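Protein sequence lines, in the order shown, are assigned to chains F and R. Every position in the first sequence, counted from 1, becomes a number in our numbering once 50 is added. Every position in the second sequence, counted from 1, becomes a number in our numbering once 712 is added. C-beta: ideal position from N, C-alpha, C; glycine also. Remember, it's a predicted structure, so these values are computed and weren't measured experimentally.
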Amino acid sequence: MTAPELIALLPLLILALGATALLLAARGSVGRGWPLAVGSALALSAALSAVLLPSCVTEVGGMYSTGPYARFFIALWSLATAATLISSGPYLSRRRLPSGEYSALLLFAAAGMGLLSSAVSLSGIFLALEAFTLAFYVLIAFNKNCALGAEAGLKYLVPGGVAAGLLAFGMALLYAASGSLQLPAATAALTIGAPMQSVALAGLALLLAAFAFKLSLVPFHFWTPDVYQGAPAPVTGLLASGSKGAVTAALLTLTATLPAAPAPFKPALATLALLSMVVGTLCALAQSNVKRMLAYSSVVHMGFVLTGLLCWNHTGRTAALFYLVGYSIVTLGIFAVITSFSGEQEPQQLSDYRGLARRQPLRALALTVLLLALAGLPPTVGFMGKLAIFSAALAAGLPLLAVVGIVASLISVYFYLQPVIQMYMTPAPSAEAIEGHSSEYGIIALCLGLTLIFGLWPGPLLELIARLTP
Amino acid sequence: MTGTCPLPLLTLLLTLPIGTAALCLTCRQRPAAARGLALAGTLTVLLIAIGCFVLLPAEPGWLLREDYRWIPALGIRFSLGIDGLALLMILLTAFLSVLAVWLSWDEDNRPPAYFALLLLVEAGVLGVFMALDLLLFYICWEMMLIPLFFLIGIWGQRGGIAAAMKFFLFSLAGSLLMLLAIIALYVLHGQQSGDYSFALAALQHTDLPTGLAPWLFAAFALAFLIKVPLVPLHSWQADTYSAAPAACSLLLAGVLAKTGIYGLVRFALPLFPETAQSALPLLAALALAGVLYGGWIASAQRDLKRLVAYSSLAHLGFILLGLSAWTTTAVEGALLQMVNHGLTTAALFILIALIEKRAGTRQLDELGGLWGRVPRLSAMLLFFALAAIGLPGLNNFVGEILILLGTFSVKPLWAVLAASGLLLAAIYMLRLLQGVIWGPARDERSWPDLVLHEWLLLVPLALLVLWLGLYPETFLEPLRGPAQLLLNGAAPLSLSGGLP
């Protein structure tokens, strides 16, 4: 590996090597704050170097791109990780969890997500996907005193293993058909008239199934609610935003190499999107557990993102990415609020939110705005994202997806408003108020601010994303 | 033509309530300051609106226009403009907002948040009346909805949460479909002309595929008619009006109902002229159904607020009938009637709130004998109830007679049916008066009559009712241009042509 390549990889090296160093240095870190501070400083410097450092090479080892698209996502996931680290201090110390290992694992996950977003070869996708999934297996079950957490870890592990198997086999088939693991070359075997096209199509089917597992698209979503419920709240936030986002970024790179959707896949993917929107919405309606509701809502949102990808043109991909960035910001904010509301127990049931607006007016207001953003109401980034997705879908001739998406957003308003009703319109029980920490307030305020700024002024972000999108 | 005002007045009108709302929220510890701020904010908006009304010449077309770049990547502009109709609606909104703040002066449950939300509703409504970019319009349309959800849910009476949810979901069902229709227009226009824009003036020149236009028109009309509401989309109305706090009922009936009709006039009819023409008979049939059904149901109500809610249904049906008659007289009458209905309904809701404050109830069979105890209050109730029935010399008469005349000249049968709705109005209003004012009193307690604070609410309304009844020309004149342009099939929009 040459020096320019190492420099090009610097943001990821900061994350991975920093995580290793933290793992060695921070032993017995229960109740300590400094590993979190160091971890977030590392993540921030990785983000900074990803934005500022010019890259002399375009690819490293033929596996990972170092272009602006990759850099953008490395910066984004590093920032998301930094935000998660900053806001989880009180959560960890209340539960007597070791912050050193936690920081190191989150940094490893960030490195994996960054790698996945920059992958330009099938092997690169596989390695990166497994890298961050491994970190998440541990993180989900991080609270070893919590039975639900252990269950969630296992439930993430088993489908994850199946998905990895599907992924590897699909790649093997694609490789057999095309003789290459590089992305444009590997997917060239899918074009009509290519030799062994049917083998390549079978490979792509397995590949997409694995992606659908990770994105929790219906009918590959069954692990989602249990994992969301059992995982520690800050980890759930990163799982919902970063891990799904990184997988979407890789899927986007994959679809961008194909000029048009291979014939049988467009209806299949459209069905996945439709099912995700419909089933996700209907299941979320029935939940009385807020984290499970958010899990099903993430299923719906991934359906929206897939709608953007299905347009199969630049506008659609830009819309999907914009939606993804907005969704990540909002989700991180929501889980930061839930984290900061967590005393000994996480507030999971709807009734736990009763009367919170009286006791914690600022965070209740923030949660309200963020939930309205998930529901896609103006003036939030959620609305602008939906606008972009639906206009791209109508322009690309997908009216059915747009109509179902609109109806799903209408129904979803009902369940997004349930916590709001509990917080504002139901009398409070005499429960103690949980003081927020200033770091938590900072992260919540940041997410809230970005939600509103990108809702009222999305122009610059949209233009940036349009330039990045392949 | 386009006004040359050194100040960005319209932007100011929109941002002033929002800014005041933000200030209100900072007065967490001092509720009195929040109240004062809210009153000052709404009064300033009213002053600006009156200034515009007095100073701007009454001519067809735009009186003021403002247009700024906003989100170039999506072709969204911050584009505001008012014509005579919009100005009159703004005036009504500003006036009723002042009354709403004044009416909730004694609100003691978290006043800063309450007044901030009230101001946000006002900002949303003003935006709806001014927006000329469809997306800006949509954002304002939602912006008036969200604060109302909280106002009804938190400060509403029993059943407030359910009513708020019903109201929210009903409105959202319409508006999300409208959003889809807006996007469809945007995409079609972009594909035809290469210019991706949400500007009303641009979208008007979209060639619609024949199969699509009725669907798009239906989506727009659904959103607007739910808000009005029109039978059979009205089932949220009575629940919401009766559960909402008094100031919200006032705004809902006085102003928000008008946003629906305004939306039809400004957007749905000009965007889809041919489809709209063929839909007018259906609209008229539904409007007539509203007049008769609303009047009939109102006659059976025990709860005063529900009674007025259903009477509103009948009156709004009248306005829509005037629109669908599509003659100059009827359309002018309909537009004028929007103002009239806003004033009288607001007055009735205020009076009901005052009665409820004294009696602790607003059930018809638990009230009675008010004339003996509070003669001044009873007199005001009598006055406004007669105005609502359509007594000559008072405001509603003018609008109704114009609508009836205009309708009779083209569709005599419609006018005859609508006139029988007037009979129903007399029945339910007189039943209200009889039950509340006359009859034996239920108990011996003595009540205070109107105090200065309450006089200040009612006297301006009464003066306006008389003014509109005796000399409607002041308010009819600015409506002539917009009405004529609407009938000619080209709403005032074509005047502006290409955007700067």
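| message | Per DSSP, what are the beta-bridge partners of R/GLY793 in this structure? | response | The partner list for R/GLY793 (beta bridge, DSSP) reads R/ARG777.
| message | Distance check for R/TRP774 and R/THR714, CA to CA, integer angstroms please. | response | Because the pLDDT of R/THR714 is 48, which lies under 50, any placement of that residue in the model is unreliable, and the question is left without a value.
| query | Is it the case that the Cβ atoms of R/ARG1088 and R/LEU1162 are separated by a distance below 7 Å? | reply | Yes, these two residues count as a Cβ contact at 7 Å.
| Cα-Cα separation between R/GLN1196 and R/THR1040, rounded to whole angstroms | Spanning the two alpha carbons is a distance of roughly 7 Å.
| said: Counting only C-beta atoms, is F/MET355 closer than 7 Å to chain R at any point? | reply: It is worth fixing the name first, because residue 355 of chain F is Val in this sequence and not Met. Closer than 7 Å: no.
| said: Taking the straight line between their C-alpha atoms, what separation do you get for R/ALA935 and R/ALA1058? | reply: Looking at the two C-alpha atoms, the distance is approximately 23 Å.
| said: In the DSSP assignment, the alpha helix (DSSP H) including F/LYS28 goes from what residue to what residue? | reply: With chain F running from 51 to 520 in the structure shown, residue 28 of chain F is simply not present.
| task | Buried or exposed for F/TYR403, please, with buried defined as at least 16 other CB atoms from any protein chain shown within 10 angstroms of its CB. | result | Only buried fits F/TYR403, as 16 or more other CB atoms lie within 10 angstroms of its CB.
| Chain-ordered residues of the region 1017–1030 of chain R with a beta carbon less than 9 Å from chain F | Near chain F, meaning a CB-to-CB distance below 9 Å, no residue of the region 1017–1030 of chain R qualifies.
| field | Close Cβ partners of R/PHE841 (< 8 Å) along its chain, the five nearest in sequence each way excluded | value | The residues are ILE794, ALA798, MET801, ILE802, THR805, THR971 and TYR974.
| How long is the line joining the alpha carbons of F/VAL457 and R/LEU888, rounded to whole angstroms? | Roughly 8 Å separates the two Cα atoms.
| Span of the alpha helix (DSSP H) holding F/ALA252? | Start and end: 247–265.
| query | Can you tell me whether F/SER338 is buried or exposed, with buried defined as 16 or more other CB within 10 angstroms of its CB? | reply | Counting Cβ neighbours within 10 Å, F/SER338 comes out exposed, since fewer than 16 surround it.
| said: Run through chain F and tell me which residues come within less than 8 Å of R/ILE895, C-beta to C-beta. | reply: At a beta-carbon threshold of 8 Å, the residues of chain F lying near R/ILE895 are LEU437, PHE440, SER441, LEU444 and ALA452, ordered along the chain.
| Shortest alpha-carbon distance to R/GLY838 belongs to which of R/GLN1146, R/SER1121, R/THR727 and R/ALA1021? | Sequence check: residue 838 of chain R is Leu here, not Gly. Among R/GLN1146, R/SER1121, R/THR727 and R/ALA1021, the Cα nearest to that of R/LEU838 belongs to R/THR727.
| task | For chain F, find out if any of its Cβ atoms is closer than 7 Å to the Cβ of R/PRO784; answer yes or no. | result | Interface with chain F (7 Å Cβ-Cβ cutoff): R/PRO784 is included.
| task | Please state whether DSSP places F/ASP276 in a helix, a strand or coil. | result | In the three-state scheme derived from DSSP, where H, G and I count as helix and E and B as strand, F/ASP276 is classed as helix.
| field | Residue burial classification, R/ASN1107 (beta-carbon count within 10 angstroms, cutoff 16) | value | So R/ASN1107 ends up on the buried side.
| query | Roughly how many whole angstroms lie between the Cα atoms of R/TYR1140 and R/VAL1171? | reply | Between the C-alpha atoms of R/TYR1140 and R/VAL1171 there is a straight-line separation of about 25 Å.
| task | Have a look at the DSSP bridge pairing and note the partners of F/ALA169. | result | Per DSSP, F/TYR114.
| field | With 16 other Cβ atoms within 10 Å as the buried cut-off, status of R/GLY1209 | value | Caution applies to R/GLY1209, whose pLDDT of 37 falls short of 50 and renders its modelled position unreliable; the model cannot decide the point.
| field | According to DSSP, residues forming a beta bridge with F/GLU33 | value | No answer is possible for residue 33 of chain F: it lies beyond the span of chain F, which begins at 51 and ends at 520.
| Complete alpha helix (DSSP H) runs within the region 1062–1092 of chain R (minimum length 4 residues, chain order) | Assignment of alpha helix (DSSP H) within the region 1062–1092 of chain R, counting only whole runs of 4 or more residues, yields 1082–1085 in chain order.
| field | Classification of F/TRP84 by the beta-carbon crowding that lies within 10 angstroms, buried from 16 upward | value | Its Cβ having fewer than 16 others within 10 Å, F/TRP84 is exposed.
| field | Straight-line Cα distance separating F/LEU60 from F/ALA71 | value | When rounded, the distance between both Cα atoms is 16 Å.
| said: Can you confirm whether F/ALA414, when its beta carbon is compared against all beta carbons of chain R, has any partner nearer than 7 Å? | reply: Interface with chain R (7 Å Cβ-Cβ cutoff): F/ALA414 is excluded.
| query | Excluding the five sequence neighbours on either side, which residues of its own chain have a C-beta within less than 7 Å of the C-beta of F/ALA300, listed in chain order? | reply | In the same chain as F/ALA300, and ignoring 5 residues on each side of it, the C-beta atoms closer than 7 Å to its own belong to LEU166, SER167, ALA169 and ILE175, in chain order.
| query | When you compare only the Cα positions, how much space is there between F/LEU155 and F/LYS194? | reply | Each residue's Cα considered, the two are about 15 Å apart.
| message | To be precise: take each residue of the region 416–432 of chain F, compare its Cβ to all Cβ atoms of chain R, and keep it if any distance is under 8 Å. Which residues remain? | response | With the criterion set as a beta carbon lying under 8 Å from some beta carbon of chain R, the members of the region 416–432 of chain F are LEU422, LEU427, PRO428 and PRO429, in sequence order.
| message | I want to verify the contact list: residues of chain F whose CB lies under 9 Å from the CB of R/VAL833, in sequence order. | response | Within chain F, no C-beta atom comes less than 9 Å from the C-beta of R/VAL833; the nearest is roughly 15 Å away.
| query | Quick one: what's got a C-beta closer than 7 Å to R/GLY693's C-beta in the same chain, skipping five residues either side? | reply | There is no way to answer for residue 693 of chain R, as the model of chain R reaches only from 713 to 1212.
| When we look at the beta-carbon of F/TRP273 and count the other beta-carbons within 10 Å, is it buried (16 or more) or exposed? | For F/TRP273, the number of other beta carbons within 10 angstroms of its own is at least 16, and it is reported as buried.
| field | Nearest to F/PHE123 (by Cα), restricted to the options F/LEU371, F/ALA336 and F/LEU92 | value | For the residues F/LEU371, F/ALA336 and F/LEU92, the minimum Cα distance to F/PHE123 belongs to F/LEU371.
| task | Consider the Cβ of F/GLY376: report whether some Cβ of chain R lies at a distance smaller than 7 Å. | result | When Cβ-Cβ separations below 7 Å define contact, F/GLY376 makes no contact with chain R.
| message | Short of 8 Å in beta carbon distance, which residues of its chain neighbour F/LEU73, apart from the five on each side in sequence? Order them along the chain. | response | Setting aside the 5 residues that flank it on each side, F/LEU73 is surrounded in the same chain by GLY150, GLU151 and ALA154, each with a C-beta closer than 8 Å to its C-beta; the list follows chain order.
| query | In or out: R/TRP1150 buried (at least 16 other Cβ within 10 Å) or exposed? | reply | Exposed, by the Cβ-count rule.
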